[in-house]
Amino acid sequence: MAEVSLRHIRKVYPNTERGRRGGLFGRRRSEQGRASTQGRASTLKVTDEGVLAVPDFNLEIADREFVVLVGPSGCGKSTTLRMVAGLEEISGGELHIDGRLMNDVAPKDRDIAMVFQSYALYPHMTVRENLSFPLKLRKMPQEQIDTKVSEAAKTLGITEYLDRKPKALSGGQRQRVAIGRAIVREPKVLLMDEPLSNLDAKLRNQMRAEIIKLRQRIDSTFIYVTHDQTEAMTLGDRIVIMRDGEVQQVGTPQEVFDHPANIFVAGFIGVPQMNFFDAELVRTGAAYEVRVGGVVVAPSAEKQARLAAHDVPTQPITLGIRPEHVSLATGGARTLQGTVDVSEMMGSSVHLHLRSLGQDVIVIVQTMDVDGSHRGGYAIGETVEFTFGGDVIHLFATDATGGNLEF
Amino acid sequence: MSKKPAAGNSLRQSTRRWAWLFMGPVVAAFTIGFVWPFFQGIYLSFCTFRVTSDATFVGMGNYQSALADPSFQHSFWYTALTAVVSLVLINVLAFAVAYALTQSIKGSNLFRTVFFMPNLIGGIVLGYIWSMIFDGILSAYGTSILLETRYGFWGLIILMCWQQIGYMMIIYIAGLQAVPEDMLEAAKIDGASRWQTLFKVTIPNVMPSITICMFLSLTNGFKLFDQNLALTGGLPYIIQPDGSTINTTEMLALNIYNTFYNANTAARGTAQAKAVIFFILVAGLGLAQLAYTRKREVQQ
Amino acid sequence: MMHTEQTLVAERRRKTILSVVLAIICVIYVLPVAAVVVNSFKLNTFVKTETFALPTEQSFAGFSNFITGMTFGNYPFLKSALYSVVITILSTGLILLFCSMAAWYIARVNSRACRAIYYLCVFSMVVPFQMVMFTLSKTADTLKLNTPWTIPIVYLGFGAGLAIFMFVGFVKSIPLEIEEAAAIDGCGPLRTFFSVVLPMLKPTLISVGILEIMWVWNDYLLPVLVLDLNEYRTIPIHIQYLKGSYGTVDLGATMALILLSIVPVIIFYLACQKHIIKGVAAGAVKG
Chain A
1 MAEVSLRHIR KVYPNTERGR RGGLFGRRRS EQGRASTQGR ASTLKVTDEG
51 VLAVPDFNLE IADREFVVLV GPSGCGKSTT LRMVAGLEEI SGGELHIDGR
101 LMNDVAPKDR DIAMVFQSYA LYPHMTVREN LSFPLKLRKM PQEQIDTKVS
151 EAAKTLGITE YLDRKPKALS GGQRQRVAIG RAIVREPKVL LMDEPLSNLD
201 AKLRNQMRAE IIKLRQRIDS TFIYVTHDQT EAMTLGDRIV IMRDGEVQQV
251 GTPQEVFDHP ANIFVAGFIG VPQMNFFDAE LVRTGAAYEV RVGGVVVAPS
301 AEKQARLAAH DVPTQPITLG IRPEHVSLAT GGARTLQGTV DVSEMMGSSV
351 HLHLRSLGQD VIVIVQTMDV DGSHRGGYAI GETVEFTFGG DVIHLFATDA
401 TGGNLEF
Chain B
1001 MSKKPAAGNS LRQSTRRWAW LFMGPVVAAF TIGFVWPFFQ GIYLSFCTFR
1051 VTSDATFVGM GNYQSALADP SFQHSFWYTA LTAVVSLVLI NVLAFAVAYA
1101 LTQSIKGSNL FRTVFFMPNL IGGIVLGYIW SMIFDGILSA YGTSILLETR
1151 YGFWGLIILM CWQQIGYMMI IYIAGLQAVP EDMLEAAKID GASRWQTLFK
1201 VTIPNVMPSI TICMFLSLTN GFKLFDQNLA LTGGLPYIIQ PDGSTINTTE
1251 MLALNIYNTF YNANTAARGT AQAKAVIFFI LVAGLGLAQL AYTRKREVQQ
Chain C
2001 MMHTEQTLVA ERRRKTILSV VLAIICVIYV LPVAAVVVNS FKLNTFVKTE
2051 TFALPTEQSF AGFSNFITGM TFGNYPFLKS ALYSVVITIL STGLILLFCS
2101 MAAWYIARVN SRACRAIYYL CVFSMVVPFQ MVMFTLSKTA DTLKLNTPWT
2151 IPIVYLGFGA GLAIFMFVGF VKSIPLEIEE AAAIDGCGPL RTFFSVVLPM
2201 LKPTLISVGI LEIMWVWNDY LLPVLVLDLN EYRTIPIHIQ YLKGSYGTVD
2251 LGATMALILL SIVPVIIFYL ACQKHIIKGV AAGAVKG
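Chains as they are written, first to last, in my numbering: chain A, 1 to 407; chain B, 1001 to 1300; chain C, 2001 to 2287.
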């Protein structure tokens, strides 16, 4: 129904507002303080104007596309979403929805709906009233409201709770009502801000599946914000990975997984995290090889071609390999050695934490081979050998951005 | 999560357009009912005046005569004594009752209802009820509450206890119910006696309630007016050597009121100066309480 | 541990004793009110001499005290009761409506001016009435706020402090997301406040409402200074003025009027006891 286009979107929090003293909103400030101490200290840019939460955001979202903004807390993903919603003022740039410039349009006139992390249901209204509220405000005739509400309730399986108040519902049910309230209006764009973060793990998986089903049924464009890469991978047509207000990479889940644009993306996407080694890239004519811990690995032909196309010279690099691409080996010239630190039994596989080349390396080992024979347990302190192929390695520059050398 | 401060929130901007509606009535009434009278009162305390429109600036003169006024001095000490005595009695009794009521005894709801009830009766009415009762007792001995200062004093203390114990009790009950049950059980298992548990575990844990109640009863005592007016009206009085009179059971608030509205309207400047002194006294207590509560909130 | 059974028996005995002691205190507590009831049915001359005796054939006055009381003291009691009701309802209504609106605005907009007003409100809570009573009564007089229909404005002004303080505290605890959801659903600021925020404020509205009702209903000094006393009186003023208007007071009639004035209060208390105790406790801890 609607394309969304964000061109050079900026968000600046003026210094005076942010650094304000005043006891009234002490709570809010401490919340912020907590957020930034949770993870790595945020390195948002501070200019004369104020704090640059989002310096320059560009994205064209197609009609009915499902885009996920993902990144660690404080990366600007929620701010961006809230600018689309009209809850935050846009400091610069242009926001178009369905071709119309929306910068100064009130939230209610943007034809959007939003699902909040805290559900934000109206506590004094029943579920039915919660669902009909946005329709009533649009002066829709009562019979039509009733039909739409019961349709939405049926879609989400909340018909039997229609006359209850939100506080009589479980977290999952509340989440359904919140989604119901958003879809009942058939908005052009459906915005979701960490909608599953308050649910427990089991319910979260279930609701994730429901959201996938839901988007088949409705015609809205989805913009979804999460800090959870699994949600991003499973839900998104395209993923936008953000950090400190800047877009790191935009692509399909497969693209960002297979070809991360930089070390940050590589480390953020994929569980367990990608392993990194200090290594050296050596160029001989058109041929490249990677030297790591006395072992030489030749990148795949495809990778070699791309490196050559960018005329990448010999240099020290950070080598990345996903845990699932590392395999244990016995003997051979192309193996590295490590001692077992921790062995985590996951059921179908074992996650081995190895100490190798002065760093931690995670290896995923299938516990059962295709022929049904079990691999033995691994003792702590045991020395094992492992190897990896040249087609699954990722080569990153050692500078601050850690860009993928193939790009 | 990555929530941002309210700054730049566009809802704020659209709300601001309605400032006149949301803030207008309160700001107007607050100006009439508090801000203007307050500042005018401060100004007038430096003036001689009979009506507010013809005030002459005289500087600190009013404060000097206020502080030198023996009736004001008397009412200050009388008020302080009343406030402190009532503070001790009210808090000890209220805590005892609250402690008893939280021991899961039969009828505690009924008791609570009864003990709180006097709180709802206005000060004037309370004063008349108790003056009838005291005079009913004292008339048997041929005297009256209006004839002796000590009757008036203890009469007022009893009245204040009757009125305020229920109120403080409610706060103490809330405090006592917030003491974790397992902490008390732990003390029991550690071999603490009932009294040890009370003094070493329970009371330290309800210290916040105790502080709030102490402040409240102290400020209540200092601000007392209606009850004082209706019970004794300040009587009996004694005549000073210089011919002026001192109402022996007159508290600060009543003293100020009488200075304003007695026959000698020339003393209104002095009355306003007394009011400012009184304000500083009461506000000091109030702000100390506020600061204390703030500090505690931060610590939590 | 060996004497568990004995300890339990002792415990039970202790609780029984406690109950009995409390019951006795309870009776003592009710006595003053009982004395009012008893004496309101006695002839004037017996109130002082037989205060604690039940009415005898000699002293029993029937309902004559109540009838005398109605016209007693130069002013009809029912009229002052009516004005008390009017002033209490109007003042409480004004305070609840306008202070909740202002508190929401203050908490959400939080501009410099808002914070200044907020701190001024907090400050006003610690200012005793005597500080402003003279100037306030003159100002009210000048602005013709000396009738039962206009005095609520004075109450709104002087009572705004506590109400705004309590409302702001509660508004801050409401997640902003709900109002954002309302904005997206199609509410402007006005509708957001009246259809979303105000219903959520209900518990605080009740608490503040009860505090204000108790204050205004029992208040003596403010109305006595502000109202035009020849025309308008409230119940506390009426009762206080009984003394001044007669050389010797008709104590029987006074008790009858006192009884009439506390009966509604007690009924109100018994009807919403839970809310009252909660509201009063909330006000105490905050203020």
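Ideal placement from N, C-alpha and C gives every residue a C-beta, glycine not left out.
Query, Result
"CA-to-CA distance, P1070 (chain B) to M1160 (chain B), given in whole angstroms", "26 angstroms"
"Whole-angstrom distance between F57 (chain A) and A309 (chain A), CA atom to CA atom", "29 angstroms"
"With 16 other Cβ atoms within 10 Å as the buried cut-off, status of H2238 (chain C)", "buried"
"Cβ neighbour criterion (16 or more within 10 Å) applied to W1162 (chain B)", "buried"
"Reduced DSSP secondary structure (H/G/I, E/B, other) of N1258 (chain B)", "helix"
"C-alpha gap between C2114 (chain C) and S118 (chain A), whole angstroms", "28 angstroms"
"Buried versus exposed call for A301 (chain A) [16 or more other C-beta atoms within 10 Å across all chains shown]", "exposed"
"For Y412 (chain A), three-class secondary structure by DSSP", "Any question about residue 412 (chain A) goes unanswered here, given that chain A covers just 1 to 407."
"Stretch pair the stretch 177-195 of chain A + the stretch 206-222 of chain A: three plus CB contacts closer than 8 angstroms", "yes"
"Minimum Cβ-Cβ distance from P107 (chain A) to chain C less than 8 angstroms", "yes"
"K188 (chain A), DSSP secondary structure in three states", "coil"
"Per-residue contacts from W2104 (chain C) into chain B (C-beta, under 9 angstroms)", "T1015, F1022"
"Closer than 7 angstroms at the beta carbon, the chain C residues around V122 (chain A)", "Going by the sequence as given, residue 122 (chain A) is Tyr instead of Val. Ordered by position in chain C, the residues that pass the 7 angstroms Cβ test against Y122 (chain A) are I2178, V2196."
"Spatially closest choice to L2162 (chain C) from C:F2072, C:V2208, C:D2141, by CA coordinates", "C:V2208"
"Length of the line joining the Cα atoms of G1152 (chain B) and M1251 (chain B)", "11 angstroms"
"Through-space distance from F1279 (chain B) to G2279 (chain C), alpha-carbon basis", "27 angstroms"
"Those runs of the beta strand (DSSP E) which lie wholly inside the stretch 320-384 of chain A and span at least 3 residues", "327-329, 336-345, 349-356, 359-366"
"Contacts around A35 (chain A), its chain only, beta-carbon distance under 7 angstroms, and the 5 residues preceding and following it disregarded", "Any reading at A35 (chain A) must be qualified, since the residue scores a pLDDT of 39, below 50, and its modelled position is unreliable; the value itself is stated next. S73, G74, listed in sequence order."
"Partners in chain A for L1011 (chain B), counting only beta-carbon separations shorter than 7 angstroms", "L87"
"C-beta neighbour in chain B for C2272 (chain C), strict 8 angstroms", "no"
"Interfacial residues, the stretch 2163-2191 of chain C to chain A, with Cβ spacing under 7 angstroms", "K2172, P2175, E2177, I2178, E2180, A2181, A2183, I2184, D2185, G2186, C2187"
"Three-state class that DSSP yields for F1111 (chain B) in the structure shown", "helix"
"In chain order, each beta strand (DSSP E) run of at least 3 residues that lies wholly inside the stretch 162-232 of chain A", "189-193, 221-226"
"Residues bridged to G50 (chain A) (per DSSP)", "A:P14"
"Chain C contact for M140 (chain A) (CB, 8 angstroms cutoff)", "no"
"First and last residue of the uninterrupted alpha helix (DSSP H) at L69 (chain A)", "L69 (chain A) -> not in any alpha helix (DSSP H); beta strand (DSSP E) instead, spanning 66-70."
"Delimiting residues of the beta strand (DSSP E) encompassing N1247 (chain B)", "1245-1247"
"C-beta neighbour in chain B for Q2058 (chain C), strict 8 angstroms", "no"
"7 angstroms Cβ shell around A62 (chain A) - same chain, five flanking residues per side excluded", "E3"
"M1001 (chain B) at chain C interface by Cβ criterion, 8 angstroms", "With a pLDDT of 35 at M1001 (chain B), under the threshold of 50, the modelled position of that residue is not reliable, and the figure given next carries that caveat. Answer no: the Cβ-Cβ gap between M1001 (chain B) and chain C never drops below 8 angstroms."
"Beta-carbon proximity check, V54 (chain A) vs G76 (chain A), cutoff 8 angstroms", "yes"
"Per-residue burial, L2225 (chain C) [other beta carbons within 10 Å of its own, 16 or more giving buried]", "buried"
"Limits of the unbroken beta strand (DSSP E) element including T1044 (chain B)", "The residue you asked about is not Thr; residue 1044 (chain B) is Leu in the sequence shown. Per DSSP, L1044 (chain B) belongs to no beta strand (DSSP E); it is in the alpha helix (DSSP H), 1036-1044."
"7 angstroms Cβ shell around S30 (chain A) - same chain, five flanking residues per side excluded", "Unreliable positioning characterises S30 (chain A) in this predicted model, as indicated by a pLDDT of 36, which lies under 50. The coordinate reading is nonetheless provided below. Excluding residues within five positions, none has a Cβ falling inside 7 angstroms."
"For L1138 (chain B), the nearest candidate out of C:R2233, C:V2047, C:C2187 (CA to CA)", "C:V2047"
"Where P1236 (chain B) meets chain C, residues with beta-carbon distance less than 8 angstroms", "Neighbours of P1236 (chain B) on chain C: none; closest Cβ ~16 angstroms, over 8 angstroms."
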